[in-house]
Amino acid sequence: MSDLPRPGPRVRVVVARHEAGRRQERADVVATEEPLEIRLTSRTGAVQRLAVTMRTPGADFELAVGFLVGEGVIAGGDAVASVRYCVDRGLDEDQRFNVVTVNLDRPELPDLRGLERHFTTTSACGVCGRSCLESLETRGTSMAAPGPVIPSETLTSLPGRLRAAQPVFDRTGGLHAAALFTAAGELVAVREDVGRHNAMDKLVGWAAFQKRLPLEGHLVLVSGRASYELVQKAATAGVPVLAAISAPSSLAIEIAERFGLTLVGFLRDDRFNVYSGEDRIGPAQSLSRRAAT
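Numbering follows the working numbering, in which position 75 of the sequence shown is assigned residue number 75; successive positions increment by one, without gaps.
And the structure:
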């Protein structure tokens, strides 16, 4: 194993700050963005280069496994024999921690011809298009399990809890996050990345390693908007409730309705919009108590 330093989630830079007509050079911290190539191998040693995504280094193994779950290549962590960096390959030293190989516990590699993302993806989004709905149906994505019912006041408390659990965002102001909560609002896990879909992949990968898939009875909160891809990943991971700080897209709503997910947008302060699956959103507990008296 190489003793090369691994890239971190943030780097220091020098910026020229202009304020009130004055210029001042100062040190600043920004989020790291570097490529990650994901490769697959099988027990026979066959190797497949799968995808390259721009990500913030950290939780790379979770990112790779979560990506595979989200794309329907594997169902969970049981399909993975091991994950490793390709530090012993013929790569430039500064790239050796930017290649991850997932060793599948199967004799042959899966048929990947139907996979949409055999190319470089940006940190902003993956492939866009209505073909994802047919893809989810073809791979046998299940309808979301019934429940849980989440009180409104629990839901509105989650953005503050997410914000308090973002250490790298505190330093850089430049990362998205995906957080897993129980129906009671307890924070289970949170992952950060420059890309929304990467943060979700890291979270799903964590759940796969912890043998917690499918994520029934939980909800996921994402910073920023709810794209179709985030709803797709939530559906594949068995997440019944997906909430976002900002707006959902039309295709995100369509996928949520098709697979029975509750989709919440504009979750800020004491308000939110429910775009599908409102049956999982309960009244505030304080209102319920007043109604009962």
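For glycine and all other residues, C-beta sits at the position ideal for the given N, C-alpha and C.
Among all the DSSP beta bridges, which residues are the ones paired with residue i?
i    : result
Y85  : V100
A239 : Just to set this straight, residue 239 is Val in the shown sequence, not Ala. According to DSSP, V239 bridges with nothing at all.
P248 : A226
I281 : I150
R258 : According to DSSP, R258 bridges with nothing at all.
A16  : E25
E192 : A177
A31  : R10
V231 : Bridge partners of V231: none, in fact.
S330 : One cannot answer for residue 330 here, as it falls past the ends of the chain, which runs 1 to 293.
V80  : L104
Please report the residue range of the beta strand (DSSP E) in which residue i lies.
i    : result
L347 : The chain is shown from 1 up to 293; residue 347 falls before or after that span and cannot be answered.
E34  : 34–41
F181 : 176–182
Q48  : 47–55
By a C-beta neighbour count over all protein chains shown, 10 Å radius and 16 as the cutoff for buried, is residue i buried or exposed?
i    : result
S123 : Bear in mind that a pLDDT of 48 at S123, under 50, signals an unreliable position, so the number given afterwards is only what the model happens to contain. Buried, since its Cβ has 16 or more Cβ neighbours within 10 Å.
S246 : exposed
K233 : buried
H218 : buried
Y275 : buried
K211 : exposed
G277 : buried
V14  : exposed
V204 : buried
Using alpha carbons as the reference points, say which of the options lies closest to residue i.
i    : options                : result
R84  : A244, I38, A177, F181  : I38
E108 : R96, V80, Q95          : V80
P240 : S223, I74, P214        : P214
R106 : T41, L187, P7          : T41
M143 : P57, E229, A237, R271  : A237
A208 : Q166, A16, D78         : D78
L104 : V69, L136, S135        : V69
S82  : V102, Q95, I74         : V102
N273 : P57, F97, L242         : L242
A184 : T154, L112, R22        : T154
T44  : V100, P167, L221, P110 : P110
V222 : I253, E216, F266, V14  : F266
D228 : P148, H18, L263        : In the sequence under discussion, the amino acid at residue 228 is Tyr, which differs from the Asp named in the question. Closest by alpha carbon: L263.
Q166 : L50, E25, E19, A199    : A199
R12  : L261, E19, D28         : D28
P9   : H176, S249, V188       : H176
P7   : P57, E25, A51, D269    : P57
Hey, quick one: how far does the alpha helix (DSSP H) through residue i stretch, first residue to last?
i    : result
T296 : Lying before the first or after the last residue shown, residue 296 is absent from the chain, which here runs from 1 to 293.
M200 : 196–209
E62  : 60–70
With 8 Å set as the bound, which would you pick, yes or no: does the beta-carbon of residue i sit closer than that to a beta-carbon of chain D?
i    : result
V220 : In the structure shown, chain D does not exist; there is a single protein chain.
Cβ pair count under 8 Å reaching 3, the stretch 155–166 against the stretch 194–209: Touching, no, given that fewer than three Cβ pairs across the two stretches are closer than 8 Å.
Inspect the CB distances between the stretch 61–74 and the stretch 28–35 and report whether three or more fall short of 8 Å. No, because fewer than three Cβ pairs between the stretch 61–74 and the stretch 28–35 fall closer than 8 Å, the two stretches do not touch.
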